[in-house]
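Reading through the structure tokens given below for one structure.
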Amino acid sequence: MVKIEAIIKPFKLEEVRKALLEIGVQVMTVFEVKGFGRQKGHIETYRSASYTVNFEPDLMLTLSVNDDQGKEVVKTIQNTALTGKIGDGKLFVTRLEYA
Numbered sequence: 023m024v025k026i027e028a029i030i031k032p033f034k035l036e037e038v039r040k041a042l043l044e045i046g047v048q049v050m051t052v053f054e055v056k057g058f059g060r061q062k063g064h065i066e067t068y069r070s071a072s073y074t075v076n077f078e079p080d081l082m083l084t085l086s087v088n089d090d091q092g093k094e095v096v097k098t099i100q101n102t103a104l105t106g107k108i109g110d111g112k113l114f115v116t117r118l119e120y121a
């Protein structure tokens, strides 16, 4: 088995979920996370006060699948979560000894 962790943009969650269901993945865990990367944050203004947002909101999907399904899951997440912009996220695949 492999454990797949994917960092994606929140607005891509439903699209990724539907694509994973189509290939037979029915179980995943979703975490709300914040990340700091090449985009270096941005400045926001609220009630005429400016402040820097260093951490961007993201989601982390965690799922465990059989070895033979791992590559298909990774490809599906890559194809559906990709926006082509900085901050698209990361995919991590780890072999599981025990589950």
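Residue numbers for the sequence shown follow our numbering, so the first one is 23 and each next one is one higher.
A virtual CB, placed ideally from N, CA and C, is assigned to each residue, including glycine.
Report back the beta-carbon spacing between residue 94 and residue 45 to the nearest angstrom; my notes put them in contact at under 8 Å. In this structure residue 94 is in contact with residue 45, their Cβ atoms being roughly 6 Å apart against a cut-off of 8 Å.
With DSSP as the reference, label residue 118 as helix, strand or coil. Note: residue 118 maps to coil in three-state DSSP.
Out of 65, 28, 85, state which residue places its alpha-carbon closest to the alpha-carbon of residue 74. Considering only 65, 28, 85, the residue with the shortest C-alpha distance to residue 74 is 65.
Cα-Cα separation, residue 25 to residue 116: Going from the Cα of residue 25 to the Cα of residue 116 covers about 5 Å.
Cβ-heavy atom distance, residue 107 to the ligand MN, below 6 Å: In the structure on display, the ligand MN does not appear, and there are no ligands present to speak of.
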